[in-house]
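Under the UniProt record's numbering, think of the first position of the sequence shown as 13, with each following residue one higher. What follows is a single structure, written as structure tokens, with notes after it.
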Amino acid sequence: SRNGIDFKVADLSLAEYGRKEIGLAEHEMPGLMALRREYADVLPLKGARISGSLHMTVQTAVLIETLVALGAEVRWASCNIFSTQDEAAAAIVVGPYGTVEEPKGVSVFAWKGESLEEYWWAAEQMLTWPGEPANMILDDGGDATSLVLRGAQFEKAGTVPPTDDDLDSAEYKVFLALLRERFETDKGKWSAIAESVQGVTEETTTGVLRLYQFAAAGELVFPAINVNDSVTKSKFDNKYGTRHSLIDGINRGTDVLIGGKKVLICGYGDVGKGCAESLSGQGARVQVTEIDPINALQALMDGYDVVTVEDAIGNADIVITSTGNLGIITFDHMKQMKHQAILGNIGHFDNEIDMAGLESSKDMTRINIKPQVDQWIFPDGKAIIVLSEGRLLNLGNATGHPSFVMSNSFSNQVIAQIELWTKNNEYDNEVYRLPKVLDEKVAKIHVEALGGTLTKLTKEQAEYINVDVEGPYKAEHYRY
Ligand code: NAI
């Protein structure tokens with residue numbers, strides 16, 4: 013704690029560098045800056061105490077300062093152990109008007125290269141406010157929401173379930189251990205937070221899936237907005253963001269030439285589509301795996317072979333998982349990979365690749381090349397290169413998606429926070445999406461920023477296609 017602000021970051025003296033990067037990013041985030049201008053006098057988030065769990069990057073820094081500019085108080089942690097940009101974390105603690113000696117910014121608990129124990133410690137700090145508890149959550153992947161909801165559930169049940177050594181992941185064991193410890197030291201902590209929270213806005217596919225599961229089980233105790241499925245989020249960030257940051261991660265991690273290489277991409281959803289374009293744009297020969305015939309057909313139409321992991325793994329030079337599902341690349345698959353082939357995941361959690369199987373095998377030798385790049389050597393001398401220990405490599409090996417695309421995603425986040433904070437009684441404890449007119453508003457700002465000129469409908473045309481001249485221009489069932 014310094015100047016009354018509690019925080020834990022790698023190095024506060026990086027703040028000046030971080031501030032310069034934030035300055036550049038603000039220019040590339042016209043959506044967030046427009047929201048700051050629009051709401052400068054209204055301060056719609058006044059009174060909101062937002063606990064945020066989202067990759068602590070330069071782009072997130074601009075999001076945080078937008079929430080603050082709209083009147084919110086904020087505490088932050090990263091939603092991944094490798095995704096923090098330490099200079100951004102430092103700059104947010106110091107704030108635009110503070111100094112290293114006298115920080116005046118926001119409490120941040122995030123640094124690049126946390127252990128799992130440190131990760132959940134930081135999550136708890138982010139959710140633990142001095143005085144009144146948090147009343148809003150901004151989540152990416154659902155960890156903050158899960159901590160509050162599961163914590164409150166266990167408190168209600170009077171017990172934390174025992175750990176299952178065979179079934180539970182290392183991550184889940186640490187999660188349960190924290191809840192068990194808190195059960196002794198601070199009984200009722202999570203129930204109090206769950207009661208105080210007015211809503212959560214969720215950033216990504218994987219977190220949204222978890223929210224719908226909570227809602228279906230009747231376990232959601234506050235309303236939620238699914239930000240991911242705003243069109244200006246998933247059809248842009250997941251796709252065009254990945255198109256930029258996947259090869260950024262591979263290049264920074266390995267600097268291997270991508271052209272001519274055989275690449276296997278598992279999953280052809282929004283992220284998989286961006287990955288395929290990213291790699292084929294470099295001249296790679298791309299193969300795709302899918303379970304869904306519609307996505308598989310899209311891959312074929314886009315010019316990629318559709319194969320199975322079993323058939324293709326032995327020939328691939330680069331293997332990328334983007335399914336949001338578990339157990340995609342098993343340890344047995346890794347044994348069939350080519351010498352020096354690269355294996356990475358860009359989905360939210362590291363269970364897409366059997367890292368546990370790899371790490372627990374006594375036959376394997378691990379050589380760390382540099383942070384987030386490991387060579388794993390088999391007994392016969394063959395090796396594979398694993399990026400970011402199976403965690404999302406675009407954020408582990410590079411700096412994630414660039415500002416302009418995140419301006420779209422984060423504009424939806426800010427609008428969703430305003431919705432749930434200012435119109436809370438209009439929402440039940442369910443999962444909602446933002447109305448299309450707001451999606452179109454986000455797109456319009458970014459079209460103008462890129463110098464695009466929209467065509468205006470005539471009244472006659474609007475009537476003919478049965479829409480309003482001012483939008484929304486599409487029916488809900490339209491898929492883009
Ligand atoms: P999506 O649902 O659009 O795509 C996933 C695809 O994987 C689907 O088409 C599905 O049919 C397919 N799939 C599922 N199981 C499979 C299996 N066993 N084999 C082959 N294909 C399988 O989801 P989206 O939006 O593409 O997200 C994927 C993951 O990426 C999620 O975990 C999401 O949270 C994460 N994400 C990561 C980002 C990053 O910057 N690293 C950015 C955005 C999302």
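Each residue gets a CB set at the ideal place from its N, CA and C atoms; glycine is no exception. Source: prediction; values computed, not measured.
Under three-state DSSP, which class holds Arg491?
-> Coil.
May I ask you to verify whether the segment 18–29 touches the segment 112–122, counting CB pairs closer than 8 Å and requiring at least 3?
-> yes
Is the segment 121–135 in contact with the segment 81–96, if contact means three or more CB pairs nearer than 8 Å?
-> yes
Which term fits Ala182, buried or exposed, when burial requires 16 or more other beta carbons within 10 angstroms of its beta carbon?
-> Taking every protein chain shown into account, the CB of Ala182 has fewer than 16 other CB atoms within 10 angstroms, so this residue is exposed.
Does the segment 38–51 come close enough to the segment 450–463 to have 3 or more Cβ pairs within less than 8 Å?
-> yes
According to DSSP, which residues form a beta bridge with Leu399?
-> DSSP output for Leu399 lists Val385 as bridge partner(s).
Whole angstroms is fine: what's the gap from Ser350's alpha carbon to Ala100's?
-> Per the sequence presented here, residue 350 reads as Lys, with Ser not at that position. If I take the Cα positions, the gap works out to 38 Å.
List the endpoints of the continuous alpha helix (DSSP H) containing Gln97.
-> Neither: Gln97 is in no alpha helix (DSSP H) and is coded neither H nor E.
Cα-Cα separation, Arg194 to Ile477 = 58 Å
For Asn441, collect the residues of the same chain with a Cβ closer than 7 Å to its Cβ; drop the 5 residues on either side in sequence, then sort them by chain order.
-> Leu232, Val233, Phe234, Pro235
Distance, Cα to Cα, Ser208 vs Leu355?
-> 43 Å
Proximity test, Glu302 beta-carbon vs the ligand NAI heavy atom, cut-off 8 Å = Because some heavy atom of the ligand NAI lies under 8 Å away, the Cβ of Glu302 counts as near it: yes.
Over the uninterrupted alpha helix (DSSP H) stretch that includes Thr217, give me the two end residues.
-> The continuous alpha helix (DSSP H) containing Thr217 extends over residues 217–228.
With DSSP collapsed to three states, give me the class of Arg445.
-> coil
Beta-carbon separation (whole angstroms), Leu405 vs Gly265, contact threshold 8 Å = 7 Å
Can you grab the Cα-Cα spacing for the pair Asp314 / Gly295, in whole Å?
-> 14 Å
Smallest Cα separation from Gly30: which of Glu215, Pro447, Phe187, Ile104?
-> Restricting attention to Glu215, Pro447, Phe187, Ile104, the CA atom closest to the CA of Gly30 is found in Ile104.
Residues near Tyr131 in its chain [Cβ-Cβ closer than 6 Å; skip 5 each side] | Ile93
Please name the residue or residues paired with Ala89 in a DSSP beta bridge.
-> Ser65, Phe121
With 16 other CB atoms within 10 Å as the buried threshold, where does Thr157 fall?
-> buried
By the 10 Å Cβ neighbour count, where 16 or more other Cβ atoms means buried, how is Glu401 classified, buried or exposed?
-> That one is buried.
Under the three-state DSSP convention, the category Ile325 falls into = coil
Is any beta-carbon of chain D found at less than 9 Å from that of Leu338?
-> Structure shown: chain D not included; a single protein chain is present.
Should Asn424 be counted as a contact of the ligand NAI given a C-beta to heavy atom distance under 8 Å?
-> Taking non-hydrogen atoms of the ligand NAI into account, the C-beta of Asn424 is found less than 8 Å away from none of them.
Can we count Ser334 as close to the ligand NAI, meaning its CB is less than 8 Å from some heavy atom?
-> yes
Once you ignore the five residues that flank Met367 on each side, which residues in its own chain have a CB closer than 7 Å to its CB?
-> Correct list, in chain order: Glu401, Gly402.
With DSSP run on the structure shown, which of helix, strand or coil describes Gly369?
-> Gly369: helix per DSSP, three-state reduction.
Are Val172 and Phe166 close, meaning C-beta to C-beta below 9 Å?
-> yes
What are the start and end residues of each continuous alpha helix (DSSP H) run of 4 or more residues lying completely inside the segment 275–356, in chain order?
-> 282–292, 305–313, 321–324, 343–347
Within 8 Å: the Cβ of Tyr280 and any heavy atom of the ligand NAI?
-> Because some heavy atom of the ligand NAI lies under 8 Å away, the Cβ of Tyr280 counts as near it: yes.
Assign Ser290 to one of two classes, buried (16 or more other C-beta atoms within 10 Å of its C-beta) or exposed (fewer than that).
-> buried
Three-state secondary structure (DSSP) at Ile17?
-> Three-state DSSP puts Ile17 in a strand.
What span of residues does the alpha helix (DSSP H) with Leu150 cover, start to end?
-> Per DSSP, Leu150 lies in no alpha helix (DSSP H) segment; the continuous beta strand (DSSP E) that holds it begins and ends at 148–151.
Report the residue ranges of all alpha helix (DSSP H) runs contained in full by the segment 457–482; include only those spanning at least 4 residues, in chain order.
-> 471–476
When the Cα of Glu144 is compared with those of Val106, Val118, Ile62, Leu75, which residue comes out closest?
-> Ile62
Per DSSP, the bridge partner or partners of Ile76 = Answer is none; Ile76 lacks a bridge partner.
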